[in-house]
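Everything on this sheet refers to the single structure shown next.
There are 2 protein chains.
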Amino acid sequence: MGKINIQEKFALFSEEWTPKIIAESNGQLVKIAKGSGELVWHKHDNEDELFIVFKGHLTLKLRDQNIELAPGEMYVVPKGVEHCPVAEPDTHFLMVEPASTAHTGELQSEVTVAAEDQEWI
Amino acid sequence: MGKINIQEKFALFSEEWTPKIIAESNGQLVKIAKGSGELVWHKHDNEDELFIVFKGHLTLKLRDQNIELAPGEMYVVPKGVEHCPVAEPDTHFLMVEPASTAHTGELQSEVTVAAEDQEWI
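This is how it looks when you write it as structure tokens:
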């Protein structure tokens, strides 16, 4: 695999809340996604989920606080912690999480993208 | 742990080739470092090493090619692959790697920073 230009990868898709895989490292996948509005409340029982925002504004609603992320800011949602991502229009962010991580955790929602449908770009 | 502003973390230190830990996720550490000039040839037998450049220009010299990384570009050095990082003055980059990863792999050099000396900021 060659080098990866993150902005060029963001230009390859427009779907929201549909993570695209851009790299793998030590069994973890690096994914990028675009978001707008609210996803759903969910948690990952066994996986921490690292977020870095590249454009826009991402709020990670937790049950006891809101984490507000501007470009250049990151946060790790610890395993087992319920969260609900909310994004300003055209927010771009990157995630690092184990390959085993389900999109919306144990929750099966109409917005859920199954692992087998998460594509490499 | 709260949110992390990556630029604010870079402002906290000036040492070169001295990774600082800013987060942990799934047993992997997120580190940031500044570099200038050439580090040393080394490899990590058991760990992939993910690099994202934030400022400047980082060349990852491999035995068979050079990977040239500008801001917003990333690369994963696969486990076992010899590499030598070379940076323009005041280059800033982020790494994600397992907590077990030794700074310069099996090589003990005068530039090596021992794991116990890699500090959280």
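So the protein sequences, as listed, match chains V and W. Residue numbers for the first sequence follow our numbering, beginning at 1 and rising by one. Residue numbers for the second sequence follow our numbering, beginning at 1001 and rising by one. We treat Cβ as the ideally placed atom computed from N, Cα and C, and that holds for glycine.
- Spatial neighbours of M74/V in its own chain (CB-CB distance under 7 Å, excluding positions within 5 residues in sequence) are listed in chain order as L50, F51, I52.
- Across the set W41/V, L58/V, K55/V, Q118/V, the C-alpha of W41/V shows the shortest separation from the C-alpha of Q108/V.
- Cβ proximity to chain V below 8 Å picks out I1067, E1068, L1069 from the region 1055-1069 of chain W.
- K1055/W and N1046/W have their C-alpha atoms roughly 28 Å apart.
- When beta bridges are read from the DSSP output, V30/V appears opposite A23/V, V96/V.
- Under the DSSP definition of a beta bridge, H1083/W partners with H1042/W, L1062/W.
- Looking from the CA of E1038/W, the closest CA among V1076/W, V1086/W, L1060/W belongs to V1086/W.
- Under a 10 Å Cβ-count criterion, D1048/W is classified as buried, with 16 or more other Cβ atoms of the shown protein chains found around its own Cβ.
- Contact note: L50/V reaches chain W through A1023, S1025, N1026, Q1028, V1030, V1096, using a C-beta cutoff of 9 Å and chain order.
- Around Q1007/W, the beta-carbon contacts reaching into chain V at under 7 Å are G72.
- Shown here, E1016/W sits in a strand according to DSSP, grouped into three states.
- Following the DSSP letters along the chain, one finds E8/V inside the alpha helix (DSSP H) bounded by residues 6-10.
- In chain order, I121 place their CB closer than 6 Å to the CB of L12/V, counting only its own chain and leaving out the 5 sequence neighbours on each side.
- In this structure, DSSP gives E116/V a helical state, which the three-state scheme calls helix.
- The region 55-68 of chain V and the region 94-111 of chain V do not touch, with fewer than 3 CB-CB distances between them shorter than 8 Å.
- Beyond the five residues adjoining it in sequence on each side, K1079/W comes within less than 7 Å, by CB distance, of H1044, D1045, N1046, E1047, D1048 in the same chain, given in chain order.
- For K55/V, the uninterrupted beta strand (DSSP E) run begins and ends at 49-55, by DSSP.
- Remark: C-beta atoms of L62/V and H83/V approach each other more closely than 8 Å.
- Proximity of chain W to K3/V at the Cβ level (cut-off 8 Å) is accounted for by I1067, E1068, L1069, E1073, M1074, Y1075, in chain order.
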